[in-house]
Amino acid sequence: MATRRDFLQSSLVGFGATAPAFLGRTALAAPASKKETVLVVVQLTGGNDGLNTVIPFKNAEYYKLRPNIAIPKNQVKGIGKDLGLHPACAALARLFNDQSAVCVVQGVGYPNPSQSHFRSMDIWQAGSTAETVTDGWIGKALKAKPSPAFHLAAGNETAPLALTGAPVRVPSVASLDDFQLKMAAANGADKAAQKGVITEVARRTASPNNLLDFVARTQLNTYASSDKLAAIGKNYQPKVPYPATALATRLKLAAQLIDAGIGARIFYLTLDGFDTHAGQGGAVGAHANLLQTLSDAVSAFYRDLAERGHGERVCIMTFSEFGRRGYENGSKGTDHGSAAPLFLIGGKVKAGILGDHPSLTKMETGNLIHAIDFRRVYAAVLDRWLGIDAKTVLGAKFDPIAAF
Amino acid sequence: MFLDAHSLWQPYSATPADPWDARKVGHLYRRAGFGATHAEIAAGVADGPEKTLERILNGRPESAEFTRTTEFMASEKSMPPGAPQPRLAAWWLDRMLKTAHPLREKLTLFWHNHFATSNAKVRNARHMLGQYRLMNEHALGSFRKMLVAMGSDPAMMIWLDTIQSVKGKPNENYARELMELFSLGIGNYTEADIREAARAFTGYQIVGGKSKFNSYWHDAGDKTVFGKTGRFQGEDIAEACLDQPACAKFIAAKLYRFLVAETASPLPEVIDALAELYRKADYDTGVLVATMLRSRLFFAPESYRAKIKSPVELAVGIIRGLEGTAGPLPLAGVLDGLGQVLFAPPSVKGWDGGTTWLNAQTLLSRNNLALALTSTEGIGFGSRCDPAKLLSNHGKSGDAAVVDFLLGVFLQGDVPTESRGKLLDYLKTAKAAKFPVYWTADDIAHHRYRAVAHLVLTLPEFQLA
């Protein structure tokens, strides 16, 4: 099986075809209206243990499956009558209970689940279970309806498959400070002359080398984005304090870019470390720390935006490539599984719980069985939230979940 | 001309239509190492393909000075178990910058990306060095020995949880990645194979910093893997993977992408021919690599500039081309922003590489690294790399001579005429610019040469390997 990471021929050809259109505009050309909706995707990399995130604490089977790592009944943060969030998700539970801003979608997955991190992540990011995937679901959405988008990257993170296939490459930004082209110039005129050469040498007619075209287009796109972002003030004063985590810092940048009104509609961020094969902990420990990072950062981000009047414009969606095995392993961790819950957070989401918790007695070789296809979630986000025809993006009709 | 898959792997020989030239030498040095110096390109052109390939494939013996420094830096004293991650990365970068056998370091980097293990989880510099040594020893040797030994490599045992896997409750992490990423590729095994194989990898522990098999925790029962049943241990599973036809193909395809081209998917028979050779050589990677680097396909237009440089290739290539040096610690820090932290790949799948190396942020960081290494003003780099010094050492002055020399070293002159023209235009404009009154004529010349060197390194062609 080939994935786009092995060979990129087809998507490069795709880039080539868009060259003339590209040269006419930049990544940030047309600011959308201030009222347009915004999607923020937070990818939980490694396979989040859904069963210890949204916990069926009244189910005795849960405690049998997980003698060492189950979350005690009295520690879960109740949402609804039979479910509780992990105690590290206290901030999310408050958003659920006090602000009605959280929709929990249970048992999300796809048929014949792959337990390979990389294959399953490709499936989620492509929005397709096709054998070979080259473009991402968001890239395809941007192709259907072009608008500015950002990958807010950890310093050493590559752009995700989810964003490939967009008509203009989605810029990855780690911080505004580092997002500048620097020069050693004697004076302003010298600087302008150097910058002129750097930009001009990238502006060339199509060459027979697709890879060279790709580089040149990425360069032009980048220099344009860099100029545009240079105009945004660097001093953003959040309305609520953000935690001191890298994820929170990147979400704060997203808030700044949303508030700056440059028309960005899609943001993509990742949080890595969810591959908890060993020593994942229970109410406290490695998995708890990750959930705390997620919950606190997302909560601060949402509340900051809400105070600025953007609460009803934003929807945050979490996802992971799979959940984990129902039963714990001998290393007090969990191996790769399948179905898991995800969160949709925002002022306009239909707060509550969608779908039933997967059965803990009827499992597929120890893995939870999905009831909601992840493309039904994408269909809702595309059709109902972003106003983009989901069928064009997903290649088939999926019944959107009632999340909006 | 029709060429069958085997003939594509026959050695290249120069013809009037397809001559041996600086472009081919530069290509070879980029792929088989970390780029060439002016002298290496000149020698390569003069010596012809056979002699140049011999030199690259065999390397030269390391100097006593190199061995002493690198061993000291890797000693328990300077690299204790808790040594910070950047020190590990700096140690390896220093080797890449100074080694007399770049191909071996390059292939070690390939294996590091293949058995991608991160000190972020291992948290033990001694174990990471141990794994480096295992890969460096077999980099151009037996993949069979390396794969078998990897199962009980302490860094790997921590990275993929083998040390926590015990009889009755096996942990599937290592068994899965052994098949999916280290030997066969997805689609060439079943979930049942993984669950059974995981039982064979129970009872492996680390005692006193070394791997130790503990039969008490080992599941000694029968396991069925790939349709065969036996009381397998970890080593047997590795051997069983090596016996699968998918294995040689999987590694050959990955090496093809590393050494030859990542732009287009090769026809299956092109890889099959390599896989056949690899199996016949009992997984001797040196044989495979030599065949690939000597081949017609390697020197064909389809393979030229058919890869994006990795951050390490980019940085080490600039420093080598400038005939300079750089503090490896600051360099390790910069490579973080470019997306490649040695001894800390992002996941067990390694760096995706290819076009994913380049995004808006990393592209700006690449340009800014080029600036730091050419301006003599970079924090942490200073003047140990200096284009002005390079040009003066080679007796180059005058705008055209300067531009052509720099384009020769870094791109073997293979850029559009317009790009060369723009570089010359810049030098002309800059000559007429207003400089601070206290600058001497030399200051102005050096400034212009350093600036134009930076501009050369921002050409789109320079991002390609």
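Quick note, the sequences are listed as chains V and X, same order. Heads up, the first sequence is in the working numbering, so the first residue is 4 and it goes up one at a time. Heads up, the second sequence is in the working numbering, so the first residue is 93 and it goes up one at a time. Where is the CB? At the ideal position from N, CA and C, for every residue including glycine. These figures come from a predicted structure and were not determined experimentally.
Could you give the distance in angstroms between the alpha-carbon of X/MET93 and the alpha-carbon of X/ALA392?
Interpretation of X/MET93 is limited by its pLDDT of 41, a score under 50 that renders its predicted location unreliable; the figure taken from the coordinates is listed afterwards. Spanning the two alpha carbons is a distance of roughly 13 Å.
Assess, as a yes-or-no matter, whether the stretch 331-350 of chain X is touched by the stretch 367-385 of chain X under the definition of 3 or more beta carbon pairs within less than 8 Å.
yes
If we cut at 8 Å on Cβ distances, does X/TRP449 have a partner in chain V?
yes
Residues sharing a beta bridge with X/SER387, DSSP
X/PRO103
Under 9 Å (Cβ pairs) to chain V, residues found in the stretch 140-167 of chain X:
none
Run through the DSSP bridge pairs and tell me what V/GLY87 is partnered with.
V/ILE58 and V/GLY81
Three-way DSSP call (helix, strand, coil) for X/LEU551 in this model:
coil
By the three-class DSSP mapping on this structure, what secondary structure does X/ASN150 have?
helix
For V/ILE141, which of V/ILE404, V/ALA405, V/THR395 and V/PHE407 has the nearest alpha-carbon?
V/THR395
Which listed residue (X/PRO108, X/ALA134 and X/ALA106) has its alpha carbon closest to that of X/GLY559:
Because residue 559 of chain X is not part of the residues shown, which for chain X are 93 to 557, the question remains open.
State yes or no: is the beta carbon of X/PHE207 nearer than 8 Å to at least one beta carbon in chain V?
no
Local conformation of V/ASP376 per DSSP, three classes:
strand
Using the Cα positions of X/LYS190 and X/LEU201, report the straight-line distance between them to the nearest angstrom.
15 Å
What runs of the alpha helix (DSSP H), each 4 residues or longer, lie entirely inside the stretch 456-493 of chain X?
479-485
8 Å Cβ cutoff met for X/ASP364 and X/LYS341
yes
Skipping 5 residues on each side, what residues in its chain have a beta carbon closer than 6 Å to that of V/LEU345?
VAL108, VAL111, THR321 and PHE322
Interface flag, X/PRO176 vs chain V, CB-CB below 8 Å:
no
Could you round the C-beta distance between V/THR225 and X/LEU455 to whole angstroms and report it? I think they count as a contact, below 8 Å.
5 Å
By Cβ distance, which residues of its chain are closer than 6 Å to X/ARG291, with the 5 residues on each side in sequence left out?
PRO262, ASP311 and LYS315
Looking only at its chain, what residues have a beta carbon closer than 6 Å to the beta carbon of V/GLU1, apart from the 5 residues adjacent to it on each side?
Nothing about residue 1 of chain V can be reported from this structure: the residues present for chain V run from 4 to 407 only.
Enumerate in chain order the residues of its own chain whose CB-to-CB distance from V/TYR381 is below 8 Å, with the five nearest sequence positions on each side excluded.
GLY130, TRP140, ALA393, VAL396, LEU397 and PHE401
Residues bridged to X/TRP261 (per DSSP):
In the sequence as displayed, the identity of residue 261 of chain X is Lys instead of Trp. Beta-bridge pairing links X/LYS261 to X/VAL258.
Flag V/ALA162 as yes if its beta-carbon sits less than 8 Å from any beta-carbon of chain X, otherwise no.
yes
Any C-beta of chain A within less than 9 Å: which residues of the stretch 180-207 of chain V qualify?
Absent from the structure: chain A. Protein chains present are V and X.
For V/ARG28, which three-state DSSP category applies?
In this prediction, V/ARG28 has a pLDDT of 39, which is less than 50 and means its spatial position is unreliable; what the coordinates show is noted afterwards. It is coil, neither helix nor strand.
List the endpoints of the continuous beta strand (DSSP E) containing V/TYR271.
269-275
Three-state secondary structure (DSSP) at X/HIS219?
helix
Residue range of the alpha helix (DSSP H) that includes X/GLY118
114-124
If contacts are defined as beta-carbon pairs under 8 Å, then X/PRO437 and X/ALA208 qualify, I think. What distance do you get, rounded to the angstrom?
4 Å
Taking only the alpha-carbon atoms, compute the straight-line gap between X/ASP253 and V/ALA281 and give it to the nearest angstrom.
7 Å
Excluding the 5 residues flanking V/GLN259 on each side, which residues of the same chain have their C-beta closer than 6 Å to its C-beta?
TYR239
Close beta carbons around V/ALA399, own chain, < 7 Å, minus the five adjacent residues each side
none
Taking only the alpha-carbon atoms, compute the straight-line gap between V/ARG69 and V/GLU310 and give it to the nearest angstrom.
41 Å
Does the beta carbon of V/GLN259 come closer than 8 Å to any beta carbon on chain X?
no
Within 10 angstroms of its Cβ, does X/LEU430 collect 16 or more other Cβ (buried), or is it exposed?
buried
Minimum Cβ-Cβ distance from X/GLY474 to chain V less than 8 Å:
no
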